[in-house]
Every structure is written in structure tokens, then in C-alpha cells.
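Report on the following structure.
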Amino acid sequence: DTEVTQTPKHLVMGMTNKKSLKCEQHMGHRAMYWYKQKAKKPPELMFVYSYEKLSINESVPSRFSPECPNSSLLNLHLHALQPEDSALYLCASSQDVTSGGISTDTQYFGPGTRLTVL
Amino acid sequence: GQNIDQPTEMTATEGAIVQINCTYQTSGFNGLFWYQQHAGEAPTFLSYNVLDGLEEKGRFSSFLSRSKGYSYLLLKELQMKDSASYLCAVRRNYGQNFVFGPGTRLSVLP
């Protein structure tokens, strides 16, 4: 099973709403990621969790709040978003293993949640 | 800082071979990945290089030269379904920090 699942597939929210994006993997991966992707642009890394601890926060505004309840789940809580936050939000996971100083990781991406902020 | 560069668009003919280049300058290096992304879909993993040389996987091959900060993805026997964006991504050598290039939009014509 090399599947990363994300819910919902589509989300429309107002600027005063609170919503959450969910991501799940059952590959035993210990690193999980949130990316934001605007149309015709590459994915931009937002957050990385490694062994359920936040290891990277790429200066993301506090209106985005990640949470990793366990090694299989990753959430992204959204509050008071702006229209410019509309994008495809991608979750990914990887094994997070290093052998002899060389990391042999590969990321697997979920299908994404297409978010529209009105 | 980091800078990753790829051609914006390429066009090739069905059955042909195409090479997509990626140059990078990053603070730290621990591997270069190639992903394919069809419009509206998630990226899917194609290939990975961490040491210099060529990695071959069926119709796809990827090459890396760390001293030159250069990689390419070679696609052989092109098919219409290969029309997609191709993203190179560099993993920096701390944590699990990946940086994606701008992507190359490949159009395969009959």
C-alpha cells in the first residue's frame, strides 16, 4: 500500500470559518509534510513532522496550524484565512531513514485538497 | 539561499526522446528527485539520485552531477500520456527539507 489519503477533496470556506484538512498514511512512514501549491507553480513546503514532532516550519502564518495526533495522521487547521490562501494543499509522507549519512527517502503525495477562500 | 532552474516548457513528438534539465544551487544537498505531475493531480515519484551517475528505470532515466549542480531526466519512447509537468526537487542536508524547481511543462504531440 503506497497510498496517502486526504480529505476533503474540495473545500470552500469564508474568511471567518474554521476548518481542518486531514491526511492519513498506513505505510509506516515517520515523516509527514504539508505543501501548498498555486496554479502552474511548484509545491512549496509548509511544515514537516518527523516522528510526530514538528521539525520544520517554513515561516508559515499562524492562521495555519498543523497537528500530528499519531504517526499515521496529519491535520492542518485553518482559521481566518485570506483569499490568497486559495490553493491545492498537498500532504506527503516518507520513511525518514538515513543509512551511512545518505538519506534514501522518497516522498509519496496524497491527491490534495483544493481550497477556495471566499 | 537556494535556486533551482528548469526550462518552462518543452515540446516533443510521440516516440521520440526528450531530456529535461535541472540546475541547482542550494545550501546543502542530500539527493535530487524527479516527479511527474498531471494537471490537477498530485506529483508522483519518478526517480532519485544522490550519487553521481545515471539511474535507469524503464523508459525514464535520471542523471546527476553534484560538482556541476546539474541533473537531467531522460524520457524515451514518448507517449501521449507523458504530457505533464516534470518537477525536480532537491533535499537539503538537514531534516527533511525539500525544495522544488519551477517545473517543466512537457507537451507530447502525435
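For the record, the sequence lines run as chains A and B.
Following this note's numbering, the numbering of the first sequence begins with 1 at its first residue and continues without gaps.
Following this note's numbering, the numbering of the second sequence begins with 1001 at its first residue and continues without gaps.
Each residue gets a CB set at the ideal place from its N, CA and C atoms; glycine is no exception.
By a C-beta neighbour count over all protein chains shown, 10 Å radius and 16 as the cutoff for buried, is residue i buried or exposed?
i, result
"A/Lys36", "buried"
"B/Ala1042", "buried"
"B/Asp1052", "exposed"
"A/Met46", "buried"
List the residues of chain A whose Cβ lies closer than 7 Å to the Cβ of residue i, in chain order.
i, result
"B/Phe1100", "Pro42, Pro43"
"B/Tyr1048", "Thr106"
Measure the beta-carbon distance from residue i to residue j and round it to whole angstroms, keeping in mind my assumption that it falls under 8 Å.
i, j, result
"A/Pro66", "B/Phe1100", "Not quite, the Cβ-Cβ distance comes to about 19 Å (not below 8 Å), so this is no contact."
"B/Leu1074", "B/Leu1032", "That pair is no contact at about 14 Å."
So residue i contacts chain A; which residues on that side make the cut at Cβ distance below 9 Å?
i, result
"B/Leu1087", "Pro42, Pro43"
"B/Gly1103", "Lys40, Lys41, Pro42"
Could you tell me which chain A residues have their CB closer than 8 Å to the CB of residue i, listed as they occur along the chain?
i, result
"B/Asn1097", "Leu45, Val48, Ile56"
Which of helix, strand or coil does DSSP assign to residue i?
i, result
"A/Pro66", "strand"
"B/Met1010", "strand"
"B/Asp1005", "strand"
"A/Glu84", "helix"
"B/Glu1081", "It should be pointed out that residue 1081 of chain B corresponds to Lys in this sequence rather than to Glu. Of the three classes helix, strand and coil, the one that applies to B/Lys1081 here is helix, per DSSP."
"A/Gln95", "coil"
Can you pull the chain B residues whose beta carbon is under 7 Å from the beta carbon of residue i, in chain order?
i, result
"A/Tyr108", "Phe1045"
Using a C-beta to C-beta distance shorter than 9 Å, which residues of chain B count as neighbours of residue i?
i, result
"A/Pro187", "Chain A is shown from 1 up to 118; residue 187 of chain A falls before or after that span and cannot be answered."
When you measure from the CB of residue i to every non-hydrogen atom of the ligand FAD, does any distance come out below 7 Å?
i, result
"B/Gln1079", "As presented, the structure is devoid of all ligands, the ligand FAD included, so that no description of it is given."
*Between the region 1005-1022 of chain B and chain A, which residues of the former have a C-beta closer than 8 Å to a C-beta of the latter?*
none
*Contacting positions in the region 1060-1089 of chain B - beta carbon closer than 7 Å to chain A*: Leu1087
*Mind listing which residues of the region 76-94 of chain A have their C-beta closer than 7 Å to chain B's C-betas, in chain order?*
Leu90, Ser94
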